[in-house]
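Working notes, structure below.
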Amino acid sequence: MANQYKVYTKKIIDEPIVTGNGNNMAVITAITLLPGKLKQIAEESSSSFSKRIGVIPMAYFTLYASRDQSVAIDKILTKAMLPYEVIQQEDHFIIVKKGFIKKKPIARIQLKERLENEGANQFTNGFVGYIIAEVAGDQVVKDNLVRQASHTTTIISFDIMEQYIEEFWGSFIETTSMIGGLILLPSSIILDGSGEELVDENNKIMAKKFTATITKQQVAYETTIEATIENQGRRQASQVKLSANKIPYIDALPLLPDSKMVQRRSTVDVAKRASIIIIMIQFVRELLDDEEKTAITTAKRMSEVFLNRYGVKMNLTNDEQLFLEKDHFDNQELINRMWLYEAAWVMLWSIGLLSELKEPTEICDVDALLQLITDNTNVSEIVAEAQPVTTTELLDRMDENYLYHWSCIENRMNGIEAPADLDEGVIMERQRAFNWLIALHDEPWDDITLNA
Numbered sequence: 047m048a049n050q051y052k053v054y055t056k057k058i059i060d061e062p063i064v065t066g067n068g069n070n071m072a073v074i075t076a077i078t079l080l081p082g083k084l085k086q087i088a089e090e091s092s093s094s095f096s097k098r099i100g101v102i103p104m105a106y107f108t109l110y111a112s113r114d115q116s117v118a119i120d121k122i123l124t125k126a127m128l129p130y131e132v133i134q135q136e137d138h139f140i141i142v143k144k145g146f147i148k149k150k151p152i153a154r155i156q157l158k159e160r161l162e163n164e165g166a167n168q169f170t171n172g173f174v175g176y177i178i179a180e181v182a183g184d185q186v187v188k189d190n191l192v193r194q195a196s197h198t199t200t201i202i203s204f205d206i207m208e209q210y211i212e213e214f215w216g217s218f219i220e221t222t223s224m225i226g227g228l229i230l231l232p233s234s235i236i237l238d239g240s241g242e243e244l245v246d247e248n249n250k251i252m253a254k255k256f257t258a259t260i261t262k263q264q265v266a267y268e269t270t271i272e273a274t275i276e277n278q279g280r281r282q283a284s285q286v287k288l289s290a291n292k293i294p295y296i297d298a299l300p301l302l303p304d305s306k307m308v309q310r311r312s313t314v315d316v317a318k319r320a321s322i323i324i325i326m327i328q329f330v331r332e333l334l335d336d337e338e339k340t341a342i343t344t345a346k347r348m349s350e351v352f353l354n355r356y357g358v359k360m361n362l363t364n365d366e367q368l369f370l371e372k373d374h375f376d377n378q379e380l381i382n383r384m385w386l387y388e389a390a391w392v393m394l395w396s397i398g399l400l401s402e403l404k405e406p407t408e409i410c411d412v413d414a415l416l417q418l419i420t421d422n423t424n425v426s427e428i429v430a431e432a433q434p435v436t437t438t439e440l441l442d443r444m445d446e447n448y449l450y451h452w453s454c455i456e457n458r459m460n461g462i463e464a465p466a467d468l469d470e471g472v473i474m475e476r477q478r479a480f481n482w483l484i485a486l487h488d489e490p491w492d493d494i495t496l497n498a
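Using this note's numbering, you'd call the opening residue of the sequence shown number 47 and step up by one each time.
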């Protein structure tokens, strides 16, 4: 196995890639496929380590893991790397071989955690797209490889001095077997966590069987939706609309649920959530206008008044409560919060408090949202005026927005402006609201998944 780390170069693919079968498909936009840039990325990430050990040939192995964040990597390394010593640095680990006189660093290990809403292919630097486009063989095994890679939550890079690979290999595999996932060697060989070969250097699947192992949280993100006359017709109507406006789309995006399968949030819950968001927006506006300490105190007091007046203080999420308790605010954090007015607009439209949901080419009327709060004295008054749109209409607009979201991301990844003057920021926040309104993954507000 020690001779399998030779540098390997593959072409770059700049087209969207579709994975899966039927309605379990997931669409991933390819950026740069690994391992074409694997050596370059590894060399850049290990520059500080190289300075310590001099110019010595290095081997670069990468583990793509679906990892429970509660499992501490340092404890796994300490146990698996015996008899080596593990030294934890600020953002990486150094593996040291103990000698009679002095210690010698022989490997560097670095972790990269997936950010919220970060696409699988983007996070893995194209590893998911590489499997889809290049790997050939048993389709069931391939689907499971794609599923495993798509649910990567942590990338662990191992930079190892070539001369120590053979003796270090056992400790390396001990580590990866405890964590699980897929190992990519620079030769393009893919192994499972225990070191068994899954894909050879010619991109041919060698394994007769492979089962993806992913975290419970990642499992919750997967949704199996059956094709029906209704949701297929909805998709066709969305595609006709996009075609008329010269907005690109692909046929394989997953379908939304049938209206009969949707469990919508109640009108009361929607009114409460929208009210909280609007109150938070007013709080943020006050701080953006004036960040003095007195302004923060005044803004907090006003927020408290409206939260109590509407009876929604108990409905604040943990994230919202912590936000309101802060004494210092980052400007970008305030701006990000401000964008939630687009989600509030969709919510109020869904219960009939706003008459229209315009095309997502410009931001909504924030003042109109704020006026709605000041014109009413509590949630009950809002609910009394509510006339919810039908679930079919809600899903129709959600489906259009879903396709818009994919198109905007696809153009952005290719360095092109969004089509038809679409505003990706507006679309993304609308998607957050839509996903919550139909409880797509049954996720709480703070944890809404925004996959396109």
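Every residue, glycine too, gets a C-beta built ideally from N, C-alpha and C.
Predicted model, so just to flag it, every value in this text is computed and none were measured.
How should residue i be labelled, buried or exposed, when 16 other C-beta atoms within 10 angstroms of its C-beta is the threshold for buried?
i      : result
Asp205 : buried
Gly580 : Because the chain in this structure spans residues 47 to 498, residue 580 falls outside the shown range and cannot be described.
Asp421 : exposed
Thr170 : buried
Val187 : buried
Thr198 : buried
Ser240 : exposed
Ile462 : exposed
Arg347 : exposed
Ala345 : buried
His451 : buried
Ala390 : buried
Ala479 : buried
Val425 : buried
Val351 : exposed
Met104 : buried
Ile133 : exposed
Asp238 : buried
Met326 : buried
Gly145 : exposed
Asn447 : buried
Ala111 : buried
Between which two residues does the alpha helix (DSSP H) harbouring residue i extend?
i      : result
Asp445 : 437-459
Glu276 : 275-290
Leu237 : From DSSP, Leu237 is part of no alpha helix (DSSP H) but of the beta strand (DSSP E) over 236-238.
Ala390 : 387-396
Put residue i into one of helix, strand or coil per three-state DSSP.
i      : result
Gln378 : helix
Lys359 : helix
Ser312 : coil
Leu496 : coil
Leu333 : helix
Lys121 : helix
Met474 : helix
Thr200 : strand
Glu408 : coil
Asp297 : coil
Glu366 : helix
Glu427 : helix
Glu338 : coil
Lys149 : strand
Lys372 : coil
Ile484 : coil
Trp491 : helix
Ser96  : Its pLDDT being 41, under 50, Ser96 is placed unreliably in this model, and the coordinates cannot settle the point.
Can you name the start and end residues of the beta strand (DSSP E) that residue i belongs to?
i      : result
Ile133 : 131-134
Glu111 : For clarity, residue 111 is Ala in the given sequence; the question names Glu instead. Note, Ala111: beta strand (DSSP E), 104-111.
Asp137 : Asp137 -> no beta strand (DSSP E), and no H or E assigned at all.
So residue i and residue j are supposed to be a Cβ contact under 8 Å. How far apart are they, rounded?
i      : j      : result
Gly227 : Leu109 : 5 Å
Pro465 : Ile293 : 5 Å
Ile428 : Ala317 : 4 Å
Arg281 : Leu483 : Contact flag wrong, Cβ pair sits at about 19 Å.
Arg476 : Val392 : 5 Å
Leu195 : Ile219 : Correcting the residue identity first, residue 195 is Ala in this sequence and not Leu. That belief does not hold up - the Cβ atoms of Ala195 and Ile219 are roughly 19 Å apart, past 8 Å.
Ile342 : Leu334 : Contact doesn't hold; Cβ gap of about 12 Å is too wide.
Phe183 : Lys250 : First, the residue type needs correcting, since residue 183 is Gly and not Phe in the sequence shown. Indeed, because the Cβ distance is near 5 Å, the residues count as touching under 8 Å.
Leu394 : Ala485 : About 18 Å separates the two Cβ atoms, so there is no contact after all.
Every unbroken alpha helix (DSSP H) inside the stretch 153-196 [4 residues or more]
Counting only runs of 4 or more, we get 166-169, 173-180, 185-196.
Give the list of continuous beta strand (DSSP E) stretches no shorter than 3 residues that lie fully inside the stretch 203-257.
228-230, 236-238, 243-245
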